[in-house]
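In the working numbering, the protein residues as written are 993 to 1360.
Single-structure report; data block below.
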(Lines of atoms letter the chains of each structure in order from A and count residues from 1; the text may use other names and numbers.)
(Lines give C-alpha, C1' and ligand atoms only; values in the text may rest on other atoms or scores of the structure.)
Protein backbone atom coordinates (compact mmCIF):
# COMPACT_ATOMS: atom_id res chain seq x y z
CA UNK A 1 0.00 0.00 0.00
CA UNK A 2 1.18 3.53 -0.78
CA UNK A 3 0.89 5.47 2.48
CA UNK A 4 1.25 8.91 0.84
CA UNK A 5 -2.16 10.56 0.63
CA UNK A 6 -2.61 10.37 -3.12
CA UNK A 7 -6.15 11.24 -4.20
CA UNK A 8 -5.69 11.67 -7.95
CA UNK A 9 -6.93 8.58 -9.83
CA UNK A 10 -5.07 9.79 -12.93
CA UNK A 11 -1.68 9.63 -11.18
CA UNK A 12 0.64 6.68 -11.94
CA UNK A 13 1.14 3.80 -9.53
CA UNK A 14 4.00 1.35 -9.04
CA UNK A 15 3.56 -2.14 -7.57
CA UNK A 16 6.37 -2.07 -5.02
CA UNK A 17 7.23 -5.79 -4.96
CA UNK A 18 8.00 -5.96 -8.66
CA UNK A 19 8.55 -2.28 -9.50
CA UNK A 20 5.95 -2.48 -12.25
CA UNK A 21 4.34 0.84 -13.12
CA UNK A 22 0.82 1.50 -14.38
CA UNK A 23 -0.18 4.69 -16.16
CA UNK A 24 -2.96 5.58 -13.72
CA UNK A 25 -4.95 4.13 -10.84
CA UNK A 26 -8.02 2.98 -12.74
CA UNK A 27 -8.91 -0.70 -12.91
CA UNK A 28 -11.52 -2.21 -15.19
CA UNK A 29 -12.99 -4.86 -12.89
CA UNK A 30 -13.91 -8.29 -14.21
CA UNK A 31 -17.40 -8.42 -15.72
CA UNK A 32 -19.46 -11.28 -17.07
CA UNK A 33 -20.34 -10.56 -20.70
CA UNK A 34 -21.23 -13.91 -22.30
CA UNK A 35 -19.55 -13.13 -25.61
CA UNK A 36 -17.12 -16.01 -26.12
CA UNK A 37 -17.25 -19.44 -27.74
CA UNK A 38 -18.68 -22.69 -26.38
CA UNK A 39 -15.25 -24.36 -26.41
CA UNK A 40 -13.84 -21.63 -24.16
CA UNK A 41 -11.94 -19.77 -26.87
CA UNK A 42 -12.20 -16.02 -26.32
CA UNK A 43 -14.13 -14.38 -29.15
CA UNK A 44 -13.36 -11.34 -31.27
CA UNK A 45 -16.35 -9.61 -29.65
CA UNK A 46 -14.94 -10.08 -26.16
CA UNK A 47 -11.48 -8.99 -27.31
CA UNK A 48 -12.93 -5.87 -28.96
CA UNK A 49 -14.86 -4.99 -25.78
CA UNK A 50 -11.70 -5.18 -23.63
CA UNK A 51 -9.41 -3.46 -26.12
CA UNK A 52 -11.80 -0.51 -26.39
CA UNK A 53 -11.39 0.08 -22.62
CA UNK A 54 -7.60 -0.10 -22.99
CA UNK A 55 -7.90 2.46 -25.77
CA UNK A 56 -10.00 4.48 -23.31
CA UNK A 57 -7.07 4.77 -20.92
CA UNK A 58 -7.60 2.24 -18.13
CA UNK A 59 -4.45 1.48 -16.16
CA UNK A 60 -5.40 -2.18 -15.71
CA UNK A 61 -7.80 -4.23 -17.79
CA UNK A 62 -9.19 -7.28 -15.98
CA UNK A 63 -10.82 -9.98 -18.07
CA UNK A 64 -14.09 -11.61 -17.17
CA UNK A 65 -13.76 -14.59 -14.87
CA UNK A 66 -12.21 -17.47 -16.80
CA UNK A 67 -12.78 -21.05 -15.73
CA UNK A 68 -9.66 -23.07 -14.95
CA UNK A 69 -11.53 -26.40 -15.13
CA UNK A 70 -14.19 -27.59 -17.55
CA UNK A 71 -16.41 -28.42 -14.55
CA UNK A 72 -15.96 -24.88 -13.21
CA UNK A 73 -17.77 -23.12 -16.05
CA UNK A 74 -20.58 -20.99 -14.60
CA UNK A 75 -22.29 -19.48 -17.66
CA UNK A 76 -22.53 -19.75 -21.41
CA UNK A 77 -20.20 -17.50 -23.37
CA UNK A 78 -17.46 -17.73 -20.72
CA UNK A 79 -13.90 -18.01 -22.00
CA UNK A 80 -11.59 -20.62 -20.55
CA UNK A 81 -7.97 -21.12 -19.56
CA UNK A 82 -8.20 -24.88 -19.06
CA UNK A 83 -6.73 -25.92 -22.41
CA UNK A 84 -3.78 -24.90 -24.57
CA UNK A 85 -6.16 -24.25 -27.46
CA UNK A 86 -7.17 -21.06 -25.64
CA UNK A 87 -3.68 -19.54 -25.85
CA UNK A 88 -3.62 -18.15 -29.45
CA UNK A 89 -6.68 -15.92 -29.08
CA UNK A 90 -5.62 -14.84 -25.59
CA UNK A 91 -2.25 -13.86 -27.03
CA UNK A 92 -4.10 -11.78 -29.61
CA UNK A 93 -5.97 -10.08 -26.75
CA UNK A 94 -2.86 -9.20 -24.74
CA UNK A 95 -0.96 -7.93 -27.77
CA UNK A 96 -3.81 -5.60 -28.71
CA UNK A 97 -4.24 -4.27 -25.19
CA UNK A 98 -0.52 -3.59 -24.82
CA UNK A 99 -0.68 -1.28 -27.84
CA UNK A 100 -2.53 1.17 -25.59
CA UNK A 101 -0.17 1.06 -22.56
CA UNK A 102 -2.69 -0.71 -20.32
CA UNK A 103 -1.72 -3.76 -18.30
CA UNK A 104 -3.98 -6.79 -18.61
CA UNK A 105 -4.70 -9.41 -15.98
CA UNK A 106 -6.86 -12.53 -16.16
CA UNK A 107 -9.32 -13.37 -13.41
CA UNK A 108 -9.07 -17.11 -12.68
CA UNK A 109 -11.95 -18.94 -11.05
CA UNK A 110 -13.97 -22.09 -10.58
CA UNK A 111 -17.73 -21.73 -10.17
CA UNK A 112 -18.19 -24.61 -7.76
CA UNK A 113 -21.85 -24.94 -6.78
CA UNK A 114 -22.61 -22.13 -9.26
CA UNK A 115 -21.50 -24.23 -12.25
CA UNK A 116 -24.76 -25.64 -13.66
CA UNK A 117 -24.85 -29.28 -14.70
CA UNK A 118 -26.77 -28.34 -17.85
CA UNK A 119 -23.69 -26.34 -18.93
CA UNK A 120 -20.83 -28.56 -17.75
CA UNK A 121 -22.49 -31.97 -17.98
CA UNK A 122 -21.20 -32.68 -14.45
CA UNK A 123 -22.70 -32.53 -10.97
CA UNK A 124 -21.55 -29.26 -9.36
CA UNK A 125 -18.76 -29.60 -6.83
CA UNK A 126 -18.30 -27.59 -3.64
CA UNK A 127 -16.58 -27.58 -0.26
CA UNK A 128 -19.50 -29.55 1.20
CA UNK A 129 -22.56 -31.32 -0.21
CA UNK A 130 -25.72 -29.21 -0.16
CA UNK A 131 -29.02 -28.85 -1.94
CA UNK A 132 -28.28 -27.32 -5.31
CA UNK A 133 -30.67 -26.10 -7.99
CA UNK A 134 -27.85 -26.30 -10.56
CA UNK A 135 -27.66 -30.08 -10.18
CA UNK A 136 -29.97 -32.58 -11.85
CA UNK A 137 -29.81 -34.64 -8.65
CA UNK A 138 -30.79 -31.66 -6.52
CA UNK A 139 -27.47 -31.75 -4.65
CA UNK A 140 -23.91 -30.69 -5.30
CA UNK A 141 -21.00 -33.02 -4.62
CA UNK A 142 -18.48 -32.53 -1.81
CA UNK A 143 -14.98 -32.19 -3.22
CA UNK A 144 -12.78 -35.17 -2.40
CA UNK A 145 -9.12 -34.70 -1.48
CA UNK A 146 -8.24 -35.76 -5.03
CA UNK A 147 -10.70 -33.19 -6.42
CA UNK A 148 -9.12 -30.46 -4.31
CA UNK A 149 -5.59 -31.31 -5.41
CA UNK A 150 -6.70 -31.54 -9.05
CA UNK A 151 -8.41 -28.14 -8.96
CA UNK A 152 -5.36 -26.54 -7.32
CA UNK A 153 -3.34 -27.97 -10.21
CA UNK A 154 -5.91 -26.58 -12.66
CA UNK A 155 -5.39 -23.09 -11.23
CA UNK A 156 -1.64 -23.54 -11.55
CA UNK A 157 -1.87 -24.71 -15.17
CA UNK A 158 -4.22 -21.85 -16.04
CA UNK A 159 -1.71 -19.38 -14.61
CA UNK A 160 1.01 -20.90 -16.79
CA UNK A 161 -1.21 -20.41 -19.85
CA UNK A 162 -1.73 -16.79 -18.86
CA UNK A 163 2.04 -16.27 -18.73
CA UNK A 164 2.41 -17.92 -22.14
CA UNK A 165 -0.38 -15.72 -23.52
CA UNK A 166 1.37 -12.50 -22.50
CA UNK A 167 -0.75 -11.43 -19.54
CA UNK A 168 0.86 -9.06 -17.05
CA UNK A 169 -0.71 -10.89 -14.15
CA UNK A 170 -3.68 -12.71 -12.67
CA UNK A 171 -6.40 -12.11 -10.13
CA UNK A 172 -7.68 -15.12 -8.20
CA UNK A 173 -11.46 -14.83 -7.85
CA UNK A 174 -12.20 -15.47 -4.21
CA UNK A 175 -15.38 -13.38 -4.20
CA UNK A 176 -19.08 -13.55 -5.08
CA UNK A 177 -19.81 -17.01 -3.75
CA UNK A 178 -17.80 -19.07 -6.24
CA UNK A 179 -15.75 -22.11 -5.22
CA UNK A 180 -13.03 -20.35 -3.25
CA UNK A 181 -15.70 -18.40 -1.34
CA UNK A 182 -17.52 -21.67 -0.72
CA UNK A 183 -14.43 -23.01 1.05
CA UNK A 184 -14.04 -19.79 3.06
CA UNK A 185 -17.65 -19.64 4.31
CA UNK A 186 -18.68 -21.21 7.61
CA UNK A 187 -22.10 -22.16 6.23
CA UNK A 188 -20.92 -23.50 2.87
CA UNK A 189 -17.95 -25.37 4.33
CA UNK A 190 -18.87 -27.77 7.12
CA UNK A 191 -16.01 -30.19 6.51
CA UNK A 192 -14.25 -31.78 9.47
CA UNK A 193 -10.94 -32.50 7.74
CA UNK A 194 -7.95 -30.20 7.13
CA UNK A 195 -9.97 -28.26 4.51
CA UNK A 196 -12.73 -27.16 6.91
CA UNK A 197 -13.32 -25.97 10.46
CA UNK A 198 -11.44 -22.89 11.64
CA UNK A 199 -10.33 -20.07 9.34
CA UNK A 200 -6.86 -21.54 8.92
CA UNK A 201 -8.37 -24.72 7.50
CA UNK A 202 -11.11 -23.01 5.49
CA UNK A 203 -8.54 -20.76 3.83
CA UNK A 204 -6.18 -23.65 3.08
CA UNK A 205 -7.66 -24.20 -0.40
CA UNK A 206 -7.04 -20.56 -1.36
CA UNK A 207 -3.58 -20.48 0.21
CA UNK A 208 -2.51 -23.66 -1.60
CA UNK A 209 -3.76 -22.22 -4.90
CA UNK A 210 -1.66 -19.10 -4.32
CA UNK A 211 1.43 -21.06 -3.31
CA UNK A 212 1.15 -23.45 -6.25
CA UNK A 213 0.90 -20.55 -8.71
CA UNK A 214 3.81 -18.70 -7.09
CA UNK A 215 6.02 -21.67 -7.98
CA UNK A 216 5.44 -21.37 -11.73
CA UNK A 217 4.99 -17.69 -12.62
CA UNK A 218 7.80 -15.16 -13.17
CA UNK A 219 8.86 -12.98 -10.26
CA UNK A 220 7.63 -9.85 -12.06
CA UNK A 221 4.15 -11.27 -12.71
CA UNK A 222 1.37 -9.28 -11.02
CA UNK A 223 -0.53 -11.51 -8.58
CA UNK A 224 -3.59 -10.58 -6.55
CA UNK A 225 -6.84 -11.82 -5.06
CA UNK A 226 -10.40 -10.52 -5.16
CA UNK A 227 -12.55 -11.11 -2.10
CA UNK A 228 -16.02 -10.23 -0.88
CA UNK A 229 -15.67 -8.89 2.69
CA UNK A 230 -19.18 -10.07 3.62
CA UNK A 231 -21.35 -12.85 2.13
CA UNK A 232 -23.90 -13.67 4.79
CA UNK A 233 -25.65 -16.58 3.07
CA UNK A 234 -22.49 -18.70 2.92
CA UNK A 235 -21.06 -17.54 6.25
CA UNK A 236 -18.38 -14.99 5.33
CA UNK A 237 -18.25 -12.19 7.89
CA UNK A 238 -16.10 -9.10 8.22
CA UNK A 239 -14.17 -10.36 11.23
CA UNK A 240 -13.04 -13.47 9.34
CA UNK A 241 -12.21 -11.36 6.29
CA UNK A 242 -9.97 -9.07 8.34
CA UNK A 243 -8.22 -12.12 9.76
CA UNK A 244 -7.95 -13.65 6.28
CA UNK A 245 -6.27 -10.49 5.00
CA UNK A 246 -3.78 -10.89 7.84
CA UNK A 247 -2.91 -14.28 6.36
CA UNK A 248 -2.86 -13.06 2.76
CA UNK A 249 -0.56 -10.10 3.39
CA UNK A 250 2.23 -12.54 4.33
CA UNK A 251 2.14 -14.16 0.88
CA UNK A 252 3.78 -11.36 -1.14
CA UNK A 253 0.69 -10.53 -3.17
CA UNK A 254 0.66 -7.36 -5.24
CA UNK A 255 -2.93 -6.41 -4.52
CA UNK A 256 -6.07 -7.31 -2.61
CA UNK A 257 -9.25 -6.36 -4.45
CA UNK A 258 -12.27 -5.63 -2.24
CA UNK A 259 -15.63 -6.31 -3.87
CA UNK A 260 -17.83 -3.91 -1.93
CA UNK A 261 -20.89 -3.38 -4.18
CA UNK A 262 -21.04 0.14 -2.73
CA UNK A 263 -17.74 1.60 -1.56
CA UNK A 264 -19.55 4.51 0.09
CA UNK A 265 -21.89 2.48 2.29
CA UNK A 266 -21.00 2.92 5.96
CA UNK A 267 -21.27 0.59 8.92
CA UNK A 268 -20.21 0.14 12.53
CA UNK A 269 -17.70 -2.60 13.29
CA UNK A 270 -16.20 -3.00 16.74
CA UNK A 271 -14.35 0.24 17.53
CA UNK A 272 -14.89 1.62 14.03
CA UNK A 273 -18.02 3.74 13.76
CA UNK A 274 -19.66 5.00 10.58
CA UNK A 275 -16.83 3.72 8.35
CA UNK A 276 -16.77 2.11 4.92
CA UNK A 277 -15.49 -1.42 4.34
CA UNK A 278 -12.37 -0.02 2.71
CA UNK A 279 -11.67 2.22 5.70
CA UNK A 280 -12.27 -0.55 8.24
CA UNK A 281 -9.94 -2.98 6.48
CA UNK A 282 -7.20 -0.38 6.03
CA UNK A 283 -7.45 0.66 9.69
CA UNK A 284 -7.26 -3.00 10.77
CA UNK A 285 -3.88 -3.68 9.12
CA UNK A 286 -0.56 -2.13 8.25
CA UNK A 287 1.87 -3.11 5.49
CA UNK A 288 -0.81 -4.21 3.07
CA UNK A 289 -0.29 -4.71 -0.65
CA UNK A 290 -2.12 -2.36 -3.01
CA UNK A 291 -5.82 -2.12 -2.20
CA UNK A 292 -8.29 -2.02 -5.08
CA UNK A 293 -11.85 -1.25 -4.07
CA UNK A 294 -14.83 -1.62 -6.39
CA UNK A 295 -18.51 -0.77 -6.13
CA UNK A 296 -20.72 2.12 -7.21
CA UNK A 297 -18.00 4.49 -8.38
CA UNK A 298 -19.44 6.60 -11.20
CA UNK A 299 -18.01 10.13 -11.34
CA UNK A 300 -14.58 11.72 -11.12
CA UNK A 301 -15.49 12.90 -7.63
CA UNK A 302 -16.47 9.34 -6.64
CA UNK A 303 -13.02 8.09 -7.66
CA UNK A 304 -11.34 10.79 -5.59
CA UNK A 305 -13.58 10.07 -2.59
CA UNK A 306 -12.62 6.40 -2.73
CA UNK A 307 -8.94 7.27 -2.79
CA UNK A 308 -9.45 9.57 0.19
CA UNK A 309 -10.72 6.46 2.03
CA UNK A 310 -7.28 4.97 1.37
CA UNK A 311 -7.74 2.80 -1.72
CA UNK A 312 -4.63 2.75 -3.90
CA UNK A 313 -6.50 1.81 -7.06
CA UNK A 314 -10.07 2.52 -8.18
CA UNK A 315 -12.04 -0.39 -9.60
CA UNK A 316 -15.09 0.20 -11.78
CA UNK A 317 -17.49 -2.07 -13.62
CA UNK A 318 -20.91 -0.75 -14.63
CA UNK A 319 -19.79 2.75 -15.62
CA UNK A 320 -17.23 1.30 -18.03
CA UNK A 321 -19.94 -0.51 -19.99
CA UNK A 322 -21.46 2.59 -21.64
CA UNK A 323 -18.35 4.76 -21.17
CA UNK A 324 -15.21 3.00 -22.45
CA UNK A 325 -13.18 6.23 -22.11
CA UNK A 326 -14.16 6.75 -18.46
CA UNK A 327 -10.56 6.39 -17.28
CA UNK A 328 -9.46 9.28 -19.48
CA UNK A 329 -12.56 11.39 -18.95
CA UNK A 330 -12.15 11.54 -15.16
CA UNK A 331 -9.17 13.85 -15.68
CA UNK A 332 -11.97 16.43 -15.76
CA UNK A 333 -12.82 16.78 -12.08
CA UNK A 334 -16.40 17.69 -12.96
CA UNK A 335 -16.95 14.54 -15.02
CA UNK A 336 -20.22 12.91 -13.93
CA UNK A 337 -21.62 10.80 -16.77
CA UNK A 338 -25.29 10.11 -17.19
CA UNK A 339 -26.61 7.01 -15.42
CA UNK A 340 -28.84 4.27 -16.93
CA UNK A 341 -30.94 3.48 -18.79
CA UNK A 342 -28.87 3.42 -21.98
CA UNK A 343 -29.98 2.94 -25.56
CA UNK A 344 -28.93 -0.17 -27.45
CA UNK A 345 -27.31 2.09 -30.03
CA UNK A 346 -25.07 3.72 -27.41
CA UNK A 347 -24.04 0.32 -26.05
CA UNK A 348 -23.31 -0.99 -29.53
CA UNK A 349 -21.07 2.03 -30.18
CA UNK A 350 -19.32 1.22 -26.88
CA UNK A 351 -18.28 -2.14 -28.43
CA UNK A 352 -20.90 -4.37 -26.82
CA UNK A 353 -21.98 -7.22 -29.05
CA UNK A 354 -25.61 -8.22 -29.49
CA UNK A 355 -25.07 -11.07 -26.97
CA UNK A 356 -23.69 -8.67 -24.37
CA UNK A 357 -26.52 -6.20 -24.87
CA UNK A 358 -29.09 -8.97 -24.49
CA UNK A 359 -27.38 -10.06 -21.28
CA UNK A 360 -27.46 -6.50 -19.94
CA UNK A 361 -31.23 -6.48 -20.37
CA UNK A 362 -31.28 -8.79 -17.33
CA UNK A 363 -30.01 -5.84 -15.27
CA UNK A 364 -33.17 -3.97 -14.39
CA UNK A 365 -33.22 -0.47 -15.81
CA UNK A 366 -29.86 -0.66 -17.59
CA UNK A 367 -31.04 -0.90 -21.22
CA UNK A 368 -33.85 1.25 -22.63
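All residues carry an ideal CB built from backbone N, CA and C; glycine is no exception.
DSSP places residue 1292 in the uninterrupted alpha helix (DSSP H) bounded by 1292-1301. Taking a contact to require three or more Cβ pairs closer than 8 Å, the stretch 1257-1270 and the stretch 1025-1039 do not qualify as touching.
Nearest Cα to residue 1353 within the set 1282, 1259, 1169, 1332: 1332. DSSP places residue 1146 in the uninterrupted alpha helix (DSSP H) bounded by 1137-1156. DSSP, reduced to helix, strand and coil, places residue 1320 within a helical segment of the structure shown. Secondary structure of residue 1340 (DSSP, three-state): helix. Measuring C-alpha to C-alpha distances from residue 1231 to each of 1176, 1157, 1008 identifies 1176 as the nearest. In the three-state reduction of the DSSP assignment, residue 1083 falls in the helix class, which pools H, G and I. Distance from the CA of residue 1228 to the CA of residue 1292, rounded to the nearest whole angstrom, comes to 32 Å. Within the same chain, Cβ atoms closer than 7 Å to the Cβ of residue 1148 are found at 1204, 1205, 1208, the five residues on either side in sequence being excluded.
Residue 1074: not part of any alpha helix (DSSP H); DSSP gives it neither H nor E.
In summary, residue 1142 is exposed, with fewer than 16 beta-carbon neighbours lying within 10 Å of its beta-carbon over all protein chains present. Contiguous beta strand (DSSP E) elements confined to the stretch 1186-1218 do not occur, taking only those with 3 or more residues. In the DSSP annotation of this structure, residue 1226 is not part of any beta strand (DSSP E), being labelled neither H nor E.
Burial check for residue 1123: the Cβ neighbour count within 10 Å stays below 16, so the residue is exposed. Residue pairing of residue 1264 in beta bridges, as defined by DSSP: 1261. When DSSP states are grouped into helix, strand and coil, residue 1013 belongs to the strand group. Around the beta-carbon of residue 1346, fewer than 16 other beta-carbon atoms lie within 10 Å, marking it exposed. Annotation for residue 1322: 1001, 1002, 1018, 1291, 1292, 1295 place their beta carbon closer than 8 Å to its own, counting only its chain and skipping 5 residues before and after. In this structure, the straight-line span from the alpha carbon of residue 1298 to that of residue 1033 is close to 36 Å.
At a cut-off of 4 residues, the continuous stretches assigned as alpha helix (DSSP H) that sit fully inside the stretch 1005-1056 are 1036-1047.
Setting aside the 5 residues that flank it on each side, residue 1191 is surrounded in the same chain by 1232, 1235, each with a C-beta closer than 6 Å to its C-beta; the list follows chain order. Ranked by how close their Cα comes to the Cα of residue 1289, the residues 1070, 1075, 1256 have 1256 in first place. DSSP places residue 1270 in no beta strand (DSSP E) but in the uninterrupted alpha helix (DSSP H) bounded by 1269-1276.
Taking the Cα of residue 1172 as reference, the smallest distance to any Cα among 1102, 1182, 1286 is reached at 1102. Distances from the alpha-carbon of residue 1023 to those of 1056, 1006, 1051 put 1056 closest. When the alpha-carbon of residue 1007 is set against those of 1313, 1215, 1316, 1112, the nearest one is in 1215.
Taking the Cα positions, residue 1306 is about 6 Å away from residue 1285. Within the DSSP bridge table, the entry for residue 1282 names 1247 as partners.
The beta carbon of residue 1151 sits closer than 6 Å to the beta carbons of 1162, 1205, 1209 from its chain, once the five residues preceding and following it are set aside; these are given in chain order. In its chain, beyond the 5 residues on either side, 1117 have a beta carbon closer than 7 Å to the beta carbon of residue 1139. If you draw a straight line from the Cα of residue 1326 to the Cα of residue 1312, it comes to about 17 Å. A straight-line Cα-Cα distance of about 27 Å links residue 1181 and residue 1259.
In the three-state scheme derived from DSSP, where H, G and I count as helix and E and B as strand, residue 1163 is classed as strand.
About 7 Å separates the beta carbon of residue 1153 from that of residue 1076, a gap short enough to meet the 8 Å contact definition.
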